[in-house]
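Enquirer: Quick one: this structure, given as structure tokens, is what I'll be asking you about.
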Amino acid sequence: MSTMSFGKGNPYLASIKDRYRLTKPGSVKLTYHIVLSLQGSGFQYRPGDSIGIYPINRPELVNRTLEAMRAAGNEIVTDKQGEGSYSLNDFLTHKANLSDISRKFLGEIILRQEDPEKKEKLNFLLGDENKEALKFYLENHEVWDLLLDNPTVSFTPQEIVNLLMPLLPRLYSIASSQRVVGDEVHLTVSRFSYESNNNLRHGICTYYLCDLVEMNVPCVPVYIQEHHGFTLPEDPDSDIIMVGPGTGVAPFKAFMEERVATEATGRNWLFFGECHRAFDYFYEEYWIDLQDRGLLQIDAAFSRDQEHKIYVQHLMKEKGSEIFAWLEGGASFFVCGDAHRMAKDVEAALLQIIEQFGGKNPHEAKAYLKHMRTEKRYLRDVY
22 MSTMSFGKGN PYLASIKDRY RLTKPGSVKL TYHIVLSLQG SGFQYRPGDS
72 IGIYPINRPE LVNRTLEAMR AAGNEIVTDK QGEGSYSLND FLTHKANLSD
122 ISRKFLGEII LRQEDPEKKE KLNFLLGDEN KEALKFYLEN HEVWDLLLDN
172 PTVSFTPQEI VNLLMPLLPR LYSIASSQRV VGDEVHLTVS RFSYESNNNL
222 RHGICTYYLC DLVEMNVPCV PVYIQEHHGF TLPEDPDSDI IMVGPGTGVA
272 PFKAFMEERV ATEATGRNWL FFGECHRAFD YFYEEYWIDL QDRGLLQIDA
322 AFSRDQEHKI YVQHLMKEKG SEIFAWLEGG ASFFVCGDAH RMAKDVEAAL
372 LQIIEQFGGK NPHEAKAYLK HMRTEKRYLR DVY
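22 is the number of the first residue of the sequence shown in the working numbering; add one for each residue after it.
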């Protein structure tokens, strides 16, 4: 079957053939290893690639939205592009982002709001000086409770459909080498749940993969997203340093499977971080086995195992001299995971290491890192 048959516009229906918890009882997190079967898809992927997944909304969220709309669900609606007609229930399940609210939707509610107090409150949120208040409000509401907060405002089902943002695919780093697993894709997925506005919310795709999808049923729409440079160096003799706290470790499992399968001779060094060693050490047995075989050097930081929090950047600073020696020898440096704090902290630590052990001032350290980027030796996959 041609690999052109399936793609983003025509996803393949994969099945989950295995799903088990990586976090142990006692962890505050629910992180899973998920194995998708791609048999018959014709997909080929490389280390560093991601898989795109089209999720569906959980039934409870759809039902709450229908109730807030005062709709039955069998009403016929069309998408904004006019490309298809659906029952409202099907549209809300498969096509609509019910967790995020657009400014346009909020603005339309303000226009139709006749309660002066509510209108003033919502108008306040849209003021240029109130961006943080708006962000807080939107993060703490989904479509259904926004509608319930404004019960006198009415829309037709089609009007609401026109105001909803689309349910977009989610990208997950692939945690396997195809040389090793064949027609499978392995994923490291942390089920995201939180409470806001006195309601329990769930991440759309993580809940879909970890809870909604039945095992061994070909129903998960997927496609392969090629990497944009975030991959192993072409030279198998090259050393690599990988920084992947939490689920950011996923592509590095793929890297190591590939390096071992191809008998690459370059050295491998992983910095991993999580909350507790006893509960949250993802793939511990695999890493330790590689370490015992002399194929991997690993430094693991468990932030909550002591009074003061220890993160990957702290371990990097402790090993600064060795890290800089690896960089001077041509090693590639990879970072995967949280863009908001971790990646920034790791980069700051890396710059300090270059300054301290390279005898450089701040300007020279930044130039050194910029040169590494140019040589594609400093690569990040952050989100």
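No residue lacks a Cβ here, since even glycine has one placed at the ideal position from N, Cα and C. Given the structure is predicted, the values throughout are model-derived calculations rather than measurements.
Would you kindly report the start and end of the unbroken beta strand (DSSP E) that includes T9?
Expert: Outside the displayed span of the chain (22 to 404) sits residue 9, for which this structure offers no information.
Enquirer: Does the Cβ of G265 have 16 or more other Cβ atoms within 10 Å, making it buried, or fewer, making it exposed?
Expert: Position 244 of the sequence shown, counted from the first residue, corresponds to residue 265. Buried, because 16 or more other Cβ atoms sit within 10 Å of the Cβ of G265.
Enquirer: Using a beta-carbon distance below 8 angstroms, is S211 in contact with chain D?
Expert: The structure shown contains no chain D; it holds only a single protein chain.
Enquirer: In the structure shown, what three-state DSSP assignment does Y244 receive?
Expert: Here residue 244 refers to the residue found at position 223 of the sequence shown. Note: Y244 maps to strand in three-state DSSP.
Enquirer: Go through the stretch 167-205 residue by residue and report every complete run of the alpha helix (DSSP H) that reaches 4 residues or more, in order.
Expert: Whole alpha helix (DSSP H) segments, 4+ residues: 178-184, 199-202.
Enquirer: Exposed or buried, E295, counting other C-beta atoms within 10 Å across all chains shown (16 or more means buried)?
Expert: Along the sequence shown, one-based indexing puts residue 295 at 274. Label assigned to E295: buried.
Enquirer: Use the C-beta contact count for M236: other C-beta atoms within 10 angstroms, 16 or more gives buried, fewer gives exposed.
Expert: The residue given as residue 236 occupies position 215 in the sequence shown. Its Cβ having fewer than 16 others within 10 Å, M236 is exposed.
Enquirer: Per the DSSP calculation, Q318 is bridged to which residue(s)?
Expert: Here residue 318 refers to the residue found at position 297 when the sequence shown is read from its first residue. W290.
Enquirer: Restricting to Cα atoms, I'd like to know which of I72, D100, E339, K142 is closest to H207.
Expert: Translated into the one-based positions of the sequence shown, residue 207 becomes position 186. Nearest option by C-alpha distance: I72.
Enquirer: Go through the stretch 209-237 residue by residue and report every complete run of the alpha helix (DSSP H) that reaches 4 residues or more, in order.
Expert: 225-228, all fully within the stretch 209-237.
Enquirer: Please report the straight-line C-alpha distance between N161 and T209, rounded to a whole angstrom.
Expert: Counted from its first residue, the sequence shown places residue 161 at position 140. Counted from its first residue, the sequence shown places residue 209 at position 188. So the two alpha carbons sit approximately 27 angstroms from each other.
Enquirer: Take D7 and list the residues in its own chain whose beta-carbon comes closer than 6 angstroms to its own, dropping the five residues that flank it on each side.
Expert: Outside the modelled stretch of the chain, which goes from 22 to 404, sits residue 7, for which no answer is possible.
Enquirer: S342 lies in the alpha helix (DSSP H); which residues open and close that run?
Expert: As a position in the sequence shown, residue 342 is number 321, starting the count at 1. Counting along the chain, the alpha helix (DSSP H) containing S342 begins and ends at 341-349.
Enquirer: Which ranges would you report for the beta strand (DSSP E) in the stretch 52-112 if only whole runs of at least 3 residues count?
Expert: Within the stretch 52-112, the complete beta strand (DSSP E) runs of at least 3 residues are 52-58, 71-74, 97-99, 106-108.
Enquirer: Please return the same chain residues whose Cβ sits closer than 7 angstroms to the Cβ of I181, not counting the five positions on each side in sequence.
Expert: To locate residue 181, count along the sequence shown from 1; it is residue 160. Result list for I181: M90, in chain order.
Enquirer: Any idea what DSSP makes of E328, helix, strand or coil?
Expert: By 1-based counting over the sequence shown, the position of residue 328 is 307. In the structure shown, E328 sits in coil (DSSP, three-state: anything other than H, G, I, E or B).
Enquirer: Assuming G379 is part of the beta strand (DSSP E), what are its boundary residues?
Expert: By 1-based counting over the sequence shown, the position of residue 379 is 358. Counting along the chain, G379 falls outside any beta strand (DSSP E), though it belongs to the alpha helix (DSSP H) covering 363-379.
Enquirer: Name the residue from E129, D320, L192 whose alpha carbon lies nearest to the alpha carbon of S175.
Expert: Looking up residue 175 in the sequence shown gives position 154. Comparing Cα-Cα distances from S175 to each of E129, D320, L192, the minimum goes to E129.
Enquirer: For T24, count neighbouring C-beta atoms within 10 Å of its own C-beta (all shown protein chains included) and say buried if the count is 16 or more, exposed if not.
Expert: The sequence position of residue 24 within the sequence shown is 3, counting from 1. Because T24 carries a pLDDT of 44, less than 50, the predicted location of this residue cannot be relied on, and no value is offered for it.
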